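Note sheet for the following structure.
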Amino acid sequence: MTASAPKFAKPPAIRQSPDVTWFQNETKLTTTSTKHKQTIKVATGNNYDVTLEITELGPNDAGTYKIVVKNKAGEITANVNLNFSNEDDAAAAPAAK
Numbered sequence: 001m002t003a004s005a006p007k008f009a010k011p012p013a014i015r016q017s018p019d020v021t022w023f024q025n026e027t028k029l030t031t032t033s034t035k036h037k038q039t040i041k042v043a044t045g046n047n048y049d050v051t052l053e054i055t056e057l058g059p060n061d062a063g064t065y066k067i068v069v070k071n072k073a074g075e076i077t078a079n080v081n082l083n084f085s086n087e088d089d090a091a092a093a094p095a096a097k
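Anchor point for the sequence shown: position 37 equals 37 in full-length UniProt numbering, and the numbering is continuous, going up by one each time.
Here it is in structure tokens:
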């Protein structure tokens, strides 16, 4: 399977230094590993962009990813679904009659 590493970004940029937690299917991810890499960059002024990069992408990476961002101003969450489609399986399936 060949695929580029997906990157999830939390829009919009947030103010103040954030405390960020990522989950895959409700399991907390370690974002300092070689598998999951989190990047927090200053966008403009006190705004931050948060990104999660997944390397060596495979079927076990499919699922719902949730980001929880907290700072003094409050908390925000966002979800994104990562699904795979295997064209080889579809081509090998018998045609409908």
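Glycine included, every Cβ here is placed at the ideal spot set by N, Cα and C.
As the structure is a computational prediction, the values presented were derived from the model and not from experiment.
Express the C-alpha separation of residue j and residue i in angstroms, rounding to a whole number.
| i | j | result |
| --- | --- | --- |
| V80 | G63 | 8 Å |
| E53 | A43 | 18 Å |
| T39 | T51 | 5 Å |
| D19 | V69 | 6 Å |
| S85 | Y65 | 18 Å |
| G45 | A73 | 16 Å |
| K37 | Q24 | 13 Å |
| K41 | D61 | 24 Å |
| T34 | K28 | 15 Å |
| E26 | D49 | 22 Å |
| W22 | E75 | 13 Å |
| G58 | T30 | 17 Å |
| I67 | T77 | 5 Å |
| N47 | E56 | 30 Å |
Could you please give the first and the last residue of the uninterrupted beta strand (DSSP E) stretch that includes residue i?
| i | result |
| --- | --- |
| A43 | Careful: A43 lies outside any beta strand (DSSP E) and carries neither H nor E. |
| A78 | G74 to L82 |
| G63 | G63 to N71 |
| T30 | From DSSP, T30 is part of no beta strand (DSSP E); its letter is neither H nor E. |
Less than 8 Å between the CB atoms is what I'm expecting for residue i and residue j, so what's the real figure, rounded?
| i | j | result |
| --- | --- | --- |
| F71 | S17 | Note on residue identity: the sequence assigns Asn, not Phe, to residue 71. Between S17 and N71 the Cβ distance is about 6 Å, and since that is below 8 Å, they are a contact. |
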